[in-house]
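*Asks:*
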Amino acid sequence: MQTKLRRLARLAIAVPIALVFVLLIRVVRPLVIVRIGVMRSDRIGHFVLETELQQLEIERGIAVRPKRSFNIWYAPEPISNRVIYEMWKRVMRIWPNWFMVPVFRLNNSLPGSKAHQIPNTASTCLDVHNLIDGAPPHLSFTPSEIERGNKTLREMGLSEGDRFVCIIVRDAEYTKVTFPGKDMSYHDFRNCDIDDSVMGAEALADRGLYVIRMGSIVEKPMISKNPKIIDYANSRFQSEFMDVFLGARCEFCVSDGLGYYAIPAAFRRPNAYVNFTPFHIFFSSRACDLGIAKTVSSLKTGKRLNLSQMGENGIAQFSHTSQYSDAGVSIDSNTPEEIRDLMLEMLDRIEGKWTSQSGDDELQTKFWKKYSEVIGEQRAICHGEIRAKYGAQFLRDNQDWIL
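Residue numbers for the sequence shown, in the working numbering: 1 to 403.
(1) Would you tell me roughly how many angstroms separate the C-alpha atoms of Pro452 and Pro111, rounded to the nearest one?
(2) Could you tell me which residues DSSP pairs with Leu290 in its beta bridges?
(3) Restricting to Cα atoms, I'd like to know which of Leu56, Ile168, Ala75, Val34 is closest to Gln117.
(4) With DSSP collapsed to three states, give me the class of Phe279.
(5) Tell me, to the nearest whole angstrom, how far the beta carbon of Ser333 is from that of Cys192; I am working on the premise that it is less than 8 Å.
(6) Kindly indicate which three-state DSSP category Cys382 falls into: helix, strand or coil?
(7) Considering Phe70, what are the terminal residues of the beta strand (DSSP E) in which it resides?
(8) Following the continuous alpha helix (DSSP H) through Phe367, name the residue where it begins and the one where it ends.
(9) On the premise that Glu251 lies in contact with Arg163, defined as a C-beta separation below 8 Å, what is that separation, rounded to the nearest angstrom?
(10) Which runs of the alpha helix (DSSP H) fall wholly inside the region 311-355 and span at least 4 residues, in chain order?
(11) Leu49: which of Leu139, Glu86, Arg6 sits nearest, CA to CA?
(12) Thinking Pro137 and Phe267 are a contact (beta carbons under 8 Å), I'd like their distance in whole angstroms, please.
(13) Pull up the distance between the alpha-carbon of Ser358 and that of Arg396, whole angstroms please.
(14) Whole angstroms are fine: how far does the CA of Ile168 sit from the CA of Tyr260?
(15) State the Cα-Cα distance for the pair Met39 and Lys303, rounded to the nearest angstrom.
(16) Should the region 372-392 be regarded as contacting the region 270-282, the criterion being three or more beta carbon pairs within less than 8 Å?
(17) Classify Lys182 as buried or exposed, calling it buried when 16 or more other Cβ atoms lie within 10 Å of its own Cβ.
Here you go:
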């Protein structure tokens, strides 16, 4: 009751001030155009990378910005990561929600609202203009934050100079707990099993790297006897700050394309994708990235569909669980061996130990050409110049799939 009364009192104060502000920005529009932007703050991927891309698009002139303009943003609740929020406040003009929410709503209810809105990015979290590779990150740590992060790494058992890889797997637990009233089953086809990544994690540990399993709310622990594999998601070290620090400092991050990938990308760390879905969105814009996707099989015959068959009936463009079942197909995870091979390929590439075999370049070219064909109109919507690589060992072992 007290919370509700406080909210009403705040609104009673904020709305009249907001109305004056909205009218004022129209009065001063001939001199300066005040624009309002809404950050997508409820999901970490959007909050980090969509915001990063929006800033890059403004700086590069891709997003049209009037010459005399004054940009203001706000981040609606719930805010997925408060550390990221504070970092964005260092580089952007972010005003408090109690004031900006009524400003935004009032502005949109009056004529001329579009002139005072900051447009969204070209394609949400997708770097369709290949901007990230050629630009320094906007987000950064203060010296005290770096000291705090290194101190926690030491408490986790890492010494100075120890290298580590982050790994994160999407399951249903996070969205079930975080959005209890929302049906997220339409994304169930993206879920994976952390057990499938243990073989790859142990292979990386055998190469001397620590492997840190990320996450805050997870279905089950990552189980391994290797002391270099740390189930951070179920440890006392897990925090919003370390979520960011680890993703920003890792050698690379292994993920299935869920939102956490945005943190390494925003800090210009490589991403290795396994079990990637949806297929047509495969993150292709960065030259340092590497990955493999889930495959699709016929429920009737049990046989895997090749790329041409995935192009039929738009299967390669599916983005909802029901679409697969309605089409009579299943979506199949990569095997532990395929995941291990991809992880080791990424490590070899980073360490300069990777040697292409005869035919690898031709397989890459053949795959991406066919990929661009079967995803149809999504090629122009979700991709710019394709710079990422598909897993070399996977393509060698599955040449009949690239038909």
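Cβ atoms here follow ideal geometry from the backbone N, Cα and C, with glycine treated the same way. Treat the numbers as computed from the prediction; the structure is a model and nothing was measured.
*Replies:* Answer, in terms of the structure:
(1) Summary: the structure shown does not reach residue 452, with the chain confined to residues 1 through 403, and so no result is reported for it.
(2) For Leu290, the beta-bridge partners assigned by DSSP are Ala272, Lys389.
(3) Taking only the C-alpha atoms, the option nearest Gln117 is Val34.
(4) helix
(5) 6 Å
(6) Cys382 falls in the helix class under three-state DSSP.
(7) 69-74
(8) In the DSSP annotation of this structure, the continuous segment of the alpha helix (DSSP H) that includes Phe367 starts and ends at 360-374.
(9) 5 Å
(10) 321-326, 336-351
(11) Leu139
(12) 5 Å
(13) 10 Å
(14) 8 Å
(15) 44 Å
(16) A contact exists between the region 372-392 and the region 270-282.
(17) exposed
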